[in-house]
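Here numbering that gives the first Met the number 0 is used: the first residue of the sequence shown is 0, the next is one more, and so on. Idealized CB from N, CA, C, for every residue including glycine.
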Amino acid sequence: MSKTIVLTGITTTGTPHLGNYAGAIRPGIEASRAADTESFFFLADYHALVKRSDPDLVAQSSLEIAASWLAAGLDPERVFFYRQSDIPEIPELTWVLTSLTAKGLMNRAHAYKAAVAENEATGKNDPDKGITMGLFCYPILMAADILMFKAHRVPVGRDQKQHVEMARDIAARVNHHYGELLVLPEADIDDDTAVLTGLDGRKMSKSYDNVIPLFSAEKRLRKLIMRIKTNSLEPGEPKDPDGCTLFGIYKAFASGAEVAALRARYEAGIAWGEAKQFLFEHLNDQLKPLRGEYERLLADPGYVEQVLQRGASRARERSVPLMQQIRAAVGIRP
Ligand code: TRP
Numbered sequence: 000m001s002k003t004i005v006l007t008g009i010t011t012t013g014t015p016h017l018g019n020y021a022g023a024i025r026p027g028i029e030a031s032r033a034a035d036t037e038s039f040f041f042l043a044d045y046h047a048l049v050k051r052s053d054p055d056l057v058a059q060s061s062l063e064i065a066a067s068w069l070a071a072g073l074d075p076e077r078v079f080f081y082r083q084s085d086i087p088e089i090p091e092l093t094w095v096l097t098s099l100t101a102k103g104l105m106n107r108a109h110a111y112k113a114a115v116a117e118n119e120a121t122g123k124n125d126p127d128k129g130i131t132m133g134l135f136c137y138p139i140l141m142a143a144d145i146l147m148f149k150a151h152r153v154p155v156g157r158d159q160k161q162h163v164e165m166a167r168d169i170a171a172r173v174n175h176h177y178g179e180l181l182v183l184p185e186a187d188i189d190d191d192t193a194v195l196t197g198l199d200g201r202k203m204s205k206s207y208d209n210v211i212p213l214f215s216a217e218k219r220l221r222k223l224i225m226r227i228k229t230n231s232l233e234p235g236e237p238k239d240p241d242g243c244t245l246f247g248i249y250k251a252f253a254s255g256a257e258v259a260a261l262r263a264r265y266e267a268g269i270a271w272g273e274a275k276q277f278l279f280e281h282l283n284d285q286l287k288p289l290r291g292e293y294e295r296l297l298a299d300p301g302y303v304e305q306v307l308q309r310g311a312s313r314a315r316e317r318s319v320p321l322m323q324q325i326r327a328a329v330g331i332r333p
């Protein structure tokens with residue numbers, strides 16, 4: 000039986016936070032243990048360039064994200080774990096796909112449309128002001144990531160669903176013109192995976208600057224949890240756990256029985272300070288052993304690099320032959 004190929008990437012523009020862990024890293028590692036799947040996890044560092052991030056931050060973020068996956072228990076020999084920029088076939092495929100992709104398809108991308116709408120709303124005379132070709136073509140690079148490894152399923156957040164659908168459209172077009180070279184991928188959006196809210200009550204995201212870094216030092220973790228926005232109900236007044244940021248985070252890190260017990264304490268009027276301290280202790284107990292491993296890895300970047308290099312060379316056993324086939328199919332031949 001052929002295996003289901005699952006592939007996902009994280010853009011290297013920041014320090015991984017609790018939301019990345021509960022929403023992508025932890026479920027990814029769990030799924031990678033199934034015998035009938037082959038998993039590809041990578042650091043999307045070319046995608047980071049689109050956001051014109053500080054170069055040192057991109058490099059540091061790559062190390063931190065790689066160390067986070069490893070500290071969280073990823074077995075790099077069981078999966079394909081690599082850095083996008085170590086696979087030269089990805090930008091090569093990107094150009095082939097770019098040559099085939101309708102501009103109109105890219106015009107419909109949410110991220111591009113939002114940037115245009117923002118320019119129009121703020122009265123800029125050029126609707127494309129500040130918009131790079133990188134932002135405009137971002138979905139094509141993402142399509143190359145996915146199609147290069149013949150992924151069947153791509154676990155992503157809801158905001159990335161459209162990009163996976165575009166990859167599918169692009170793959171169908173390649174196959175139509177050049178024969179069945181590519182697999183049509185599908186987005187995997189799991190309604191059960193946790194989407195955490197951040198310090199200010201909006202979705203936890205580096206773009207909102209409201210995140211709790213996954214491996215914050217103990218003191219800082221406590222400080223950040225104490226800063227989570229709550230309402231002004233007094234101790235003793237019953238509180239609604241649903242929609243509460245603290246409760247949502249707890250839920251992503253606790254068993255069903257533990258969640259039920261905290262729910263009862265909310266109904267009995269737990270004080271916010273007490274709920275925060277409780278969440279801190281619970282998270283800290285769970286993250287402490289991983290944090291130790293994370294710190295050890297950050298202190299040994301040579302080791303992390305070696306893991307990534309080995310991952311890239313294993314991944315290239317797939318990408319090099321497919322790229323050869325594609326080159327021949329499109330007429331780039333000796
Ligand atoms: N664009 C994704 C994000 O911002 C990251 C990403 C890049 C990705 N390439 C990918 C995700 C391929 C899944 C598959 O979250």
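What's the C-alpha gap between residue i and residue j?
i	j	result
Met165	Gly291	40 Å
Ala260	Asp190	23 Å
Gly156	Pro126	28 Å
Leu56	Asp241	36 Å
Ala23	Arg51	24 Å
Leu140	His46	8 Å
Tyr137	Ile145	13 Å
Val319	Arg82	15 Å
Gly122	Phe135	21 Å
Leu195	Leu282	14 Å
Ser215	Phe148	34 Å
Phe40	Ala328	28 Å
Glu304	Glu91	23 Å
Leu232	Ser38	46 Å
Leu96	Tyr207	32 Å
Arg107	Gly18	28 Å
His175	Val182	12 Å
Ile331	Gln324	10 Å
Ile86	Arg315	7 Å
Glu117	Gly13	24 Å
Trp68	Pro26	11 Å
If I measure Cβ to Cβ from residue i and keep anything under 6 Å in the same chain, skipping five residues before and after, which residues do I get?
i	result
Thr229	Trp271
Val306	Pro75
Leu73	Ile28
Lys287	none
Ala274	Leu245
Arg221	Phe279
Leu198	Asn209, Arg226 and Ile227
Is there at least one non-hydrogen atom of the ligand TRP closer than 7 Å to the beta-carbon of residue i?
i	result
Val46	Checking the displayed sequence, the identity of residue 46 turns out to be His instead of Val. Yes, since a heavy atom of the ligand TRP falls inside the 7 Å radius drawn around the Cβ of His46.
Asp144	yes
Ile4	no
Ile24	no
Ile269	no
Gln159	yes
Gly8	yes
Met141	yes
Val153	yes
His109	no
Ala314	no
His175	no
Ala43	yes
His162	yes
Excluding the 5 residues preceding and the 5 following residue i in the sequence, name in chain order all residues of the same chain whose CB lies nearer than 8 Å to its CB.
i	result
Leu48	Val57 and Gly133
Ile89	Tyr45, Gln83, Leu140, Ala143, Asp144, Met147 and Ser318
Give a yes or no on whether the minimum CB-CB distance between residue i and chain C is below 8 Å.
i	result
Pro288	The structure shown contains no chain C, having only a single protein chain.
Once you ignore the five residues that flank residue i on each side, which residues in its own chain have a CB closer than 7 Å to its CB?
i	result
Gly178	Ala328
Arg172	Leu99
Arg110	It is Ala, not Arg, that sits at residue 110 in the sequence shown. Once the five neighbours on either side are set aside, the close Cβ partners of Ala110 are Leu134 and Tyr137.
Met105	Tyr111, Phe135, Cys136 and Pro138
Lys102	none
Legend entry - Sequence ranges, beta strand (DSSP E) only - wholly within the segment 154-201, length at least 3: 185-187
Inset, instruction - Jot down the residue ranges of each uninterrupted alpha helix (DSSP H) in the segment 64-129, minimum 4 residues, whole runs only, in chain order. - result: 88-99, 102-106 and 109-120, all fully within the segment 64-129.
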